[in-house]
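Residue numbers (our numbering), protein chains in the order written: chain G, 4 to 176; chain S, 125 to 432; chain B, 135 to 565.
Down below is the structure, laid out as structure tokens.
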């Protein structure tokens with residue numbers, strides 16, 4: 004086979020080759036971004052990202068589950084007993100320390116994403132050792148503020164962004 | 125003599141058109157194949173957004189939306205366009221707060237609620253533009269049997285792409301907007317002279333060719349006359365007149381201005397990503413041209429000592 | 135693939151793998167050490183470009199399928215959802231739509247290059263057959279892909295094409311019903327077309343591997359159409375042809391992305407932005423541009439069965455080209471008469487493409503009394519005549535020009551070749 008490298012040895016790793024290779028690699032990596040980014044939430048999904056909920060019908064000691072971004076959100080109208088039970092717990096006993104005030108903007112309303120922070124199951128309400136939530140999948144136990152107390156879950160259940168539009172209406176997201 | 129002259133001009137015109145098509149292998153529809161003697165020429169508008177660097181004029185898109193909302197929307201839906209689109213970049217770019225207000229002017233049925241009832245709520249940015257009729261049958265029934273088409277994609281659906289667009293560096297979207305512009309400005313109250321003359325011309329030729337030929341006349345019927353509609357008879361009555369909207373930005377609402385504004389709005393609605401498409405395109409092409417230059421140098425360097 | 139490899143594993147891991155699965159040496163022989171004629175011109179880059187386009191289509195296609203909904207009620211809007219809402223969706227869809235056209239452009243040039251230089255002749259018949267099979271699969275894939283947006287042209291294109299099968303004697307009606315999954319083109323048709331449109335590109339990819347395999351056994355043809363004799367006649371695939379092909383791919387990508395970013399609808403049809411309506415046929419039904427020549431052949435034959443047979447025959451006849459051509463000389467470079475007929479064939483193909491989209495009853499270029507139909511019939515006759523008459527007869531009677539002794543002699547001249555051979559021998563002796 005005729006091979007010019009046998010006739011004359013060109014410097015293979017000279018500047019031109021490196022520059023071209025680098026420039027090409029740059030293009031390939033920038034070009035790969037759209038191929039990945041297309042899997043992120045699209046504009047129509049983002050547009051549906053907030054919901055408004057009427058909470059006037061939830062009596063004390065009652066809960067409601069609403070669908071937000073494809074996940075259940077627990078809205079619980081807590082009783083005085085539940086609030087006190089949660090508020091009295093010293094932070095040192097908690098795996099993921101958060102005060103009750105940090106968990107609920109208005110103490111009687113606990114609004115959180117009802118997904119166990121272990122592996123994503125939905126915990127059962129008014130259940131478990133602390134009469135909060137209990138996840139049947141791997142026995143994680145949450146208290147009346149949705150904080151993790153026992154079991155494999157590492158964190159408290161997530162509090163979504165929400166605001167009270169009025170006393171009876173909240174906007175989640 | 126006159127007939128002969130007409131024949132020759134028409135042959136020459138057809139040859140020119142055919143040659144243009146031969147030079148293209150594109151499967152695109154050909155516009156205005158049968159242009160009648162004496163008919164007005166379709167106007168080619170100088171669109172701000174045409175061309176490689178063209179961008180939309182925000183104020184024009186906002187005016188166009190106003191025309192759509194106050195005039196077109198009475199009969200035409202725009203299902204694919206959501207209110208939130210009005211605030212996204214590359215469009216009319218209303219503020220998000222303004223879009224909420226615009227959307228809330230209309231209502232939509234939602235539900236079912238906790239009691240299982242459907243309820244009416246104001247539209248939100250995530251909702252689409254309101255449809256004037258419940259369904260196509262209702263739309264037809266209210267419009268003498270003609271269905272006012274959805275306008276979401278109309279500017280692209282009425283487009284035609286020619287090789288000229290390629291050579292002119294145009295986007296290929298101007299065909300549809302020029303058509304809309306000409307259609308909206310192409311109404312006249314009475315059937316014009318050139319149609320009547322042509323009537324006569326057609327009849328003369330028909331008689332020669334066929335002894336059983338019966339006279340044909342151009343009958344408008346319930347339709348309206350439009351210079352630029354195929355067959356000249358259009359069910360839609362002239363929608364726009366001088367001052368049929370009052371622009372909030374103080375622009376004089378001439379018929380031409382409104383037609384231009386709404387045509388631009390419609391091409392944005394059909395191709396909302398046009399601006400980002402072009403701006404990314406310029407970067408991609410620049411990158412590829414530089415890369416091609418480098419690759420050429422590499423290829424030459426490698427083949428330097430090889431004759432081939 | 136055929137033992138050209140000079141690959142010797144350096145690492146222990148490399149040796150370990152080589153003994154068990156010699157995949158690296160296989161790839162090495164295919165893309166690195168494969169000897170290629172040194173005189174290949176730029177018409178030889180379109181195989182690599184077609185490969186690049188196939189990959190672009192598969193990657194963008196897989197992504198589009200993540201967002202597309204193959205249901206008659208939702209397909210149109212899901213495509214618009216991709217265009218409007220999905221991140222970069224407009225770019226990916228426009229790349230896929232224009233990529234299909236560019237893929238066909240590359241493949242058409244690739245096929246015509248093969249015809250010009252006689253690349254289908256022995257011992258490369260199987261290579262040609264596999265190539266034609268790829269082309270046929272591409273036509274099927276492209277057609278089914280065009281149906282997916284479920285616009286007016288999608289729907290009516292599908293209706294027209296599936297109706298072709300009705301002409302099959304006795305069972306035509308049943309075949310058509312089977313294709314439709316109903317009594318007209320409808321949701322079941324869309325669903326199966328989506329499934330097959332996803333499947334076929336991978337079948338194409340498989341045949342491409344066979345095509346490359348079949349290329350590596352005899353090696354590439356070249357513009358002179360004579361086989362390489364000495365080492366001097368060839369160059370290693372890498373870096374010489376890899377860099378040349380990559381350079382050509384970048385140039386081709388410039389054209390592709392010009393259309394994607396600045397004229398994305400040019401090769402489409404405006405009517406496909408109108409949702410499918412089974413009650414209204416568009417005024418002018420035209421297929422995608424890459425089917426137009428065959429569509430013109432269909433329309434030029436005044437009989438339904440004859441038209442369909444003619445159209446499919448026009449594609450199938452290409453499969454037997456290696457056995458129709460009787461010439462001993464491969465390259466048109468040394469066949470002056472064939473060269474003329476070849477270029478008429480190319481021009482005739484473009485003309486057929488033109489006839490595929492104009493009204494058959496109109497006058498051809500406005501010449502009074504000469505209809506498009508008449509000229510398209512002449513074009514059709516030439517198309518078939520080229521294969522059935524010109525290729526076999528010309529090979530027997532044509533006076534060809536003398537062939538050079540070797541590729542290197544043709545490139546370097548007799549003295550130059552001897553000089554280079556001496557240099558090479560000296561370099562090898564030194565090593």
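Every residue gets a Cβ at the ideal spot worked out from N, C-alpha and C, and that includes glycine.
Top-ranked residue by Cα proximity to residue i, from the options
{"i": "residue 303 of chain S", "options": "S:275, S:353, S:287 and S:288", "result": "S:353"}
{"i": "residue 185 of chain B", "options": "B:380, B:429 and B:486", "result": "B:380"}
{"i": "residue 359 of chain B", "options": "B:563, B:248, B:319 and B:524", "result": "B:248"}
{"i": "residue 175 of chain S", "options": "B:304, B:392 and B:265", "result": "B:392"}
{"i": "residue 408 of chain B", "options": "S:379, S:273, S:393 and S:399", "result": "S:273"}
{"i": "residue 57 of chain G", "options": "G:110, G:80, G:158 and G:44", "result": "G:80"}
{"i": "residue 274 of chain B", "options": "B:285, B:251 and B:332", "result": "B:332"}
{"i": "residue 207 of chain B", "options": "B:500, B:563, B:545 and B:325", "result": "B:325"}
{"i": "residue 221 of chain S", "options": "S:230, S:214 and S:207", "result": "S:207"}
{"i": "residue 431 of chain B", "options": "B:352, B:168 and B:515", "result": "B:515"}
{"i": "residue 315 of chain S", "options": "S:217, S:357 and S:287", "result": "S:357"}
Interface flag, residue i vs chain G, CB-CB below 8 Å
{"i": "residue 401 of chain S", "result": "no"}
{"i": "residue 453 of chain S", "result": "Absent from the structure is residue 453 of chain S, since the part of chain S shown begins at 125 and ends at 432."}
{"i": "residue 360 of chain B", "result": "no"}
{"i": "residue 151 of chain S", "result": "Its pLDDT being 32, under 50, residue 151 of chain S is placed unreliably by the model, and the measurement read from it follows with that caveat. With 8 Å as the cut-off, residue 151 of chain S does not count as an interface residue toward chain G."}
{"i": "residue 351 of chain B", "result": "no"}
{"i": "residue 547 of chain B", "result": "no"}
{"i": "residue 406 of chain S", "result": "no"}
{"i": "residue 394 of chain B", "result": "no"}
Chain S contact for residue i (CB, 8 Å cutoff)
{"i": "residue 77 of chain G", "result": "no"}
{"i": "residue 224 of chain B", "result": "yes"}
{"i": "residue 65 of chain G", "result": "no"}
{"i": "residue 192 of chain G", "result": "Because chain G in this structure spans residues 4 to 176, residue 192 of chain G falls outside the shown range and cannot be described."}
{"i": "residue 22 of chain G", "result": "yes"}
{"i": "residue 269 of chain B", "result": "no"}
{"i": "residue 68 of chain G", "result": "no"}
{"i": "residue 564 of chain B", "result": "no"}
{"i": "residue 238 of chain B", "result": "no"}
{"i": "residue 60 of chain G", "result": "yes"}
Per-residue contacts from residue i into chain B (C-beta, under 7 Å)
{"i": "residue 423 of chain S", "result": "377, 378 and 381"}
Partners in chain B for residue i, counting only beta-carbon separations shorter than 8 Å
{"i": "residue 412 of chain S", "result": "384, 387, 388 and 391"}
{"i": "residue 171 of chain S", "result": "Correct list: empty, because the minimum Cβ distance to chain B is about 15 Å."}
Below-8 Å beta-carbon distance, residue i vs any chain B residue
{"i": "residue 356 of chain S", "result": "no"}
{"i": "residue 432 of chain S", "result": "yes"}
{"i": "residue 176 of chain S", "result": "yes"}
{"i": "residue 167 of chain S", "result": "no"}
Cross-chain neighbours of residue i in chain G, by beta carbon under 8 Å
{"i": "residue 415 of chain S", "result": "23, 26, 27 and 30"}
{"i": "residue 197 of chain B", "result": "38 and 41"}
Chain G contact residues for residue i, given Cβ-Cβ distances below 7 Å
{"i": "residue 419 of chain S", "result": "23"}
Chain-ordered chain S contacts of residue i [CB-CB under 8 Å]
{"i": "residue 399 of chain B", "result": "280, 283, 285, 296 and 297"}
{"i": "residue 51 of chain G", "result": "250"}
Partners in chain S for residue i, counting only beta-carbon separations shorter than 7 Å
{"i": "residue 504 of chain B", "result": "Per Cβ cutoff of 7 Å: no residues; residue 504 of chain B is ~12 Å from chain S at best."}
Beta-carbon neighbours of residue i, restricted to chain B and to distances below 9 Å
{"i": "residue 397 of chain S", "result": "217, 218, 223, 224 and 225"}
Q) Listed from N- to C-terminal order along the chain, which residues in the region 234-249 of chain S have their beta-carbon within a distance smaller than 9 Å of any beta-carbon of chain G? A) 237, 238, 248 and 249
Taking Cβ-Cβ distances below 7 Å as the criterion, which residues of the region 24-49 of chain G are in contact with chain S?
26, 27 and 30
For the region 162-174 of chain S against the region 375-389 of chain S, are there 3 or more C-beta pairs whose distance is under 8 Å? yes
Does the count of Cβ pairs from the region 145-156 of chain G and the region 122-133 of chain G closer than 8 Å reach three? yes
- Item | Within 8 Å of chain G by C-beta, residues of the region 199-220 of chain B in sequence order | 200, 201, 215, 218, 219 and 220
To be precise: take each residue of the region 188-221 of chain S, compare its Cβ to all Cβ atoms of chain G, and keep it if any distance is under 8 Å. Which residues remain?
206, 208 and 212
Taking only beta carbons into account, state which residues of the region 160-180 of chain B come closer than 7 Å to chain S, listed in chain order. 172 and 173
Next on the checklist: Please list, in chain order, the residues of the region 401-412 of chain B that have any C-beta partner in chain A closer than 9 Å.
Outcome noted: In the displayed structure, chain A is absent; the protein chains listed are G, S and B.
Item to check | Inter-stretch contact at 8 Å, needing at least 3 Cβ pairs: the region 233-246 of chain B / the region 456-473 of chain B | outcome: no
For the structure I just gave you, are there three or more beta carbon pairs, one from the region 402-419 of chain S and one from the region 234-248 of chain S, closer than 8 Å? no
- Query: Just checking, does the region 516-529 of chain B make contact with the region 473-480 of chain B on the three C-beta pairs under 8 Å criterion?
  - Reply: yes
Pair every Cβ in the region 410-419 of chain S with every Cβ in the region 314-324 of chain S, then say whether three or more of these pairs are closer than 8 Å. no
>> Does the contact criterion of 3 or more C-beta pairs under 8 Å hold for the region 488-497 of chain B versus the region 429-446 of chain B?
In response: yes
Per the contact definition of three or more C-beta pairs closer than 8 Å, is the region 424-431 of chain S in contact with the region 356-376 of chain B? yes
Notebook entry, point to check: Contact between the region 390-407 of chain S and the region 176-185 of chain S: three or more CB pairs below 8 Å?
Noted result: yes
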